[in-house]
Amino acid sequence: MKRLPRIEQYGLIGDMQTSAHVCDDGSIDWLCLPRFDSPAVFASLLGTQKHGTWRIAPATHADRSGSGVVAERRYCGDSLVLESVWRTPAGSVRVLDFMPPRDGAPQVIRIVEGLAGEVPMVSAMRPRPGYGSVSPWIHEVGGRMVAEAGADALWLDTCVPQVEKDGVVVSAFAVVAGQSVAFVLSWCASHAAAPDVPDPEAALAETLTFWQDWTRECTYDGPYREPVVRSSIALKAMTYGPSGGIVAAPTTSLPEEIGGNRNWDYRFTWLRDASTTLAALLGTGYREEAQAWRRWLLRAVAGDPEKLQIMYGITGERDLRERALPWLPGFAGSTPVRVGNGAADQLQLDVYGEVIETLYLAHEHGVARCADTAALHQRLIEHLAQRWQQPDEGIWEIRGARRHFVHSKVMAWVAVDRTIRLTDDGALDMDLAPLVELRETIHHEVCTKGFDPARNTFTQSYGSQELDAAALLIPRVGFLPPDDPRVIGTVDAVRRELSTADGLVRRYPTIGEGTGVDGLKGDEGTFVLCSFWLVDALALTGRLEEAHALFERLIALRNDLGLLAEEYDPVQQRQLGNFPQAFSHMGLIQSARLLNQLAAQSSLRRGAVAVPAPRSTSRSTRQTGKDLTSQHA
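Per the numbering used here: the sequence shown ends with 678, consecutive numbering throughout.
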C-alpha cells in the first residue's frame, strides 16, 4: 500500500516561474508547467500515483512503501538545489534536484551521483498533464523520450536506456562511486521545435552561482540568520520573475484540516501577500524585487482603483474563476480540489493599507520615486476615502455576510497615515488637512465601535464577541502604542481565547460542523503567521523572554529543509495548508528583525519602544528614524 506523505515531507525546487515539490522518498509529486498557475503535469500530491509522479530511488525502495525514504537531505548551501542521500546495503548515492533559472525551456534536472559501492537505481516517470486527467502520447524521437498531450510536450533526456510501459517512462541503471547519471525534463509547446539538450553539470554550476550571488545581497546579520536567509530564498522562489508578481503559495488545495473542505488555490498574486512579502525582502536588503513589484502593480491595477481586485494572476490576469476538479481525491482525502479562487471578487479594504504601506517602505529604503506610482497612490487614497466605511470580507476572505472588520479599518488608517508621511517627505503632493482629519475620524471610530471595554479587547468586527488574531497588529502598525492598556488587554485576550497550550494562535474561532463567522463549516489548524504576530506583540509590550521562547517554538515547526506551510496542527503535530506559504516565511523574517531591533535598543525602559502614535499635525510631528512598529518595517 502506498505510503501517504505528510506536507512537511516535501522540499521545494524552482526557477522563479514555477516550482516542483520533491518528497523525501525521491518522488516529484507536484509540478505545474510552464508557470505556477499552469495545470500540473504531476499531480499525485492531490491524488495518487496515477495522477502523475516522477520517482528516482534505489531499486530496493522502488515500490514507495514502508521506509523507502532518504537517509538525509539538505539544500546545497544558500541555494534551492536539493541534495538527497540514500544509503543501501549495496552502497550510497546522492541525488541533486534543481530547476535552473530559466533562459529558454523550463527544466527539472535530477543528477544521480554514486558515493560508495554500486547501487541499482530506478527512474519511473508517469506524466499526466491536465492535473492528472490526461494520458499523453509517449514515444521516442531521435533517441529522446517525449510525452505529448494537447498543447504540452515533455522531453526527457538521459544517457541511460529508457522504455515506456503502461504510460510510465522507466530507466533501470546502476551507479558506482564517482559516477553520475543525469535526467533532464524539459517542457515546450507541442507544436514547437524540440528544446535543446542541456549540459546538466553546467546548469548545476550556474544555478548554484545564481543563488549564492542573490543571498549575498542579504543585509540581515542578526540572530536567527539561517532561518531568515532560508525564508528569503523561499520568498524569492515564489516570485514570478518575468512580471514581478508573487504567489501566495505554489500549491492549491492542501487542506487546512485533514479531510475538510477548506482547500483553496493560492497560485495567484494577492495584493496583501505580495505587499507583505516585498516588505520583508526590503527589510533584508532586496530592492530590485520591490521595483519589479511596483511595475506589476501599475500594470495589474491599470490606474482604475474603482475596479481594484484583492488578487490577480501572476501577470495581472483578472479572471480567476473558481472550479473544482472532481477526478482528484485530494490530499489525504481532502476535497474538493479547487483551481481558481472566488475571493478575487471580494471587497477587502485592508489591501489599501498593505499596498500603501509597502510603497511607503520602498520610499524609506531608497527606491526611486515613480511619478506613475504616485498618481496611482493618490487615486487609491481618494477611492479609499469614499469606501472605508463600508463592510467587507476582510483579511480572512470570509464567505459569509460582510462585516465591519476592525483589521480592515485599522489598515485603512495605515493607508492614510503613510500617505501623510509621504506627503510630509515631499514624495506626494496632496492636501494634508483632509487627510489628517480622515485619519483621526477612522481612529476614533475603531476605538469606539471596535473595542469591548468590558473585556478590554478589540474584537473581530464592530459589535461582535469574537476575537481575531489580526488585532495583534494594532501596535505593530502604530495605531496605538504598545503600552496602551487596550493593546495589552487585546494581547492577553488573544492568548486566552485563541491560543493553544504551547502558544500557537488560531485566526479566529471556528465551530466544527456548524457554520462559523466565516460562512464555512469545519475547523482548521493554528495559523503560523498569527503566531508570529503574537511574537511581535509580546516583544513590543515588553515580554521579550516570552517572545523569544515562542519564536524558538515556531522555527522548530519548520521541516528539515526550513520550510513552513500556512498552518500547523498541534494535536497531530503536522503542517497544514498550502506549502510553502509566503505569509509564514514573511512572518518569520519580520519577527526575527523586530527581536533583533529591540535587542539593539536594550537600554530602553521595558516597553518604552518608539511608536508612531496617531498624529494630528503634519511636519511639526514628523518622527525621525525608522519606526520599529511599522507592520513591515
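Beta carbons are placed, not taken as given, at the ideal position from N, Cα and C, and that holds for glycine.
Remember, it's a predicted structure, so these values are computed and weren't measured experimentally.
What three-state label does DSSP hand residue i in the structure shown?
i, result
"Pro-146", "coil"
"Lys-352", "helix"
"Gly-162", "strand"
"Met-61", "coil"
"Arg-312", "coil"
"Arg-463", "helix"
"Tyr-553", "coil"
"Asp-202", "strand"
"Ile-600", "helix"
"Phe-336", "According to the sequence displayed, residue 336 carries Gln and not Phe. Three-state DSSP puts Gln-336 in a helix."
"Asp-390", "helix"
"Leu-649", "Low confidence applies to Leu-649: its pLDDT is 48, below 50, so where it sits in the model is not reliable, and the reading given next is rough at best. Correct three-state label for Leu-649: coil."
"Ser-110", "Confidence at Ser-110 is low in this model, with a pLDDT of 49, below 50, so its placement is unreliable and no value can be given for it."
"Ile-519", "helix"
"Gly-56", "strand"
"Cys-68", "strand"
"Ser-453", "helix"
"Phe-503", "strand"
"Glu-590", "helix"
"Thr-297", "strand"
"Val-346", "helix"
"Trp-182", "strand"
"Gly-290", "strand"
Just to confirm the assignment, what range does the beta strand (DSSP E) spanning residue i have?
i, result
"Gln-257", "Element bounds for Gln-257: not the beta strand (DSSP E) but the alpha helix (DSSP H), 245–260."
"Val-226", "225–234"
"Val-213", "213–221"
"Pro-103", "98–103"
"Tyr-176", "Careful: Tyr-176 lies outside any beta strand (DSSP E), inside the alpha helix (DSSP H) at 174–177."
"Thr-90", "The sequence given here has Leu at residue 90, not Thr. It is not in any beta strand (DSSP E) - Leu-90 carries neither H nor E in the DSSP assignment."
"Lys-210", "208–210"
"Tyr-613", "612–614"
"Ser-129", "127–133"
"Gln-620", "619–621"
"Val-191", "189–194"
Can you name, in chain order, every residue of its own chain whose Cβ lies under 7 Å from the Cβ of residue i, other than the five neighbours on each side?
i, result
"Leu-7", "Only positions 46 to 678 of the chain appear in this structure, which leaves residue 7 out of reach."
"Gly-286", "Met-61 and Gln-62"
"Arg-500", "Ala-538"
"Asp-563", "Trp-441, Ile-443, Arg-444 and Gly-445"
"Gly-652", "Residue placement at Gly-652 is poorly supported in this model, since its pLDDT is 45, which falls under 50; the coordinates still yield a value, given next. Cβ neighbours of Gly-652 beyond the five flanking positions: Pro-527, Asp-528, Thr-586 and Gly-587."
"Val-157", "Ile-101, Val-138, Val-140, Met-166, Val-220, Ser-225 and Val-226"
"Asp-614", "Gly-570 and Leu-621"
Please report the residue range of the alpha helix (DSSP H) in which residue i lies.
i, result
"Met-631", "627–645"
"Leu-425", "416–432"
"Lys-31", "Because the chain spans 46 through 678 in this model, residue 31 falls outside it and cannot be assessed."
"Val-539", "530–542"
"Asp-395", "395–409"
"Phe-577", "573–585"
"Arg-484", "477–494"
Once the 5 residues before and after residue i are set aside, which same chain residues still bring their CB inside 6 Å of it?
i, result
"Ile-515", "With the sequence shown as reference, residue 515 is identified as Ala, and Ile is not the correct amino acid for it. The residues are Ile-440 and His-452."
"Arg-119", "Glu-128"
"Ala-637", "Tyr-269 and Val-273"
"Met-631", "Thr-321, Thr-322 and Ala-325"
"Val-215", "Ala-169 and Val-208"
"Tyr-55", "His-66 and Cys-68"
"Asp-581", "Arg-521, Ser-636 and Leu-639"
"Ser-544", "Val-550"
"Phe-572", "Arg-552 and Glu-612"
Using 8 Å for Cβ pairs, my map puts residue i next to residue j. What's the rounded Cβ distance?
i, j, result
"Thr-464", "Ile-519", "With 8 Å as the limit, Thr-464 and Ile-519 do not qualify as a contact, their Cβ atoms being about 19 Å apart."
"Asn-623", "Tyr-311", "4 Å"
"Val-226", "Val-205", "6 Å"
"Ala-219", "Glu-163", "5 Å"
"Ala-419", "Leu-473", "6 Å"
"His-428", "Pro-436", "Actually they do not touch by this definition, with Cβ atoms about 17 Å apart."
Within a Cβ cutoff of 8 Å, which residues of the same chain sit near residue i, ignoring the five residues on either side of it in sequence?
i, result
"Leu-253", "Cys-121, Gly-122, Ser-124 and Val-126"
"Phe-496", "Thr-502, Phe-503, Thr-504 and Arg-531"
Using 8 Å as the threshold, is the C-beta distance between residue i and residue j below it?
i, j, result
"Gln-391", "Glu-362", "no"
"Ala-335", "Trp-315", "no"
"Ile-303", "Ser-379", "yes"
"Gly-290", "Ile-359", "yes"
"Leu-621", "Leu-579", "no"
"Trp-232", "Ala-150", "yes"
"Pro-295", "Asn-308", "no"
"Tyr-357", "Ala-345", "yes"
"Leu-160", "Ala-222", "yes"
"Arg-171", "Val-229", "no"
"Pro-350", "Arg-424", "yes"
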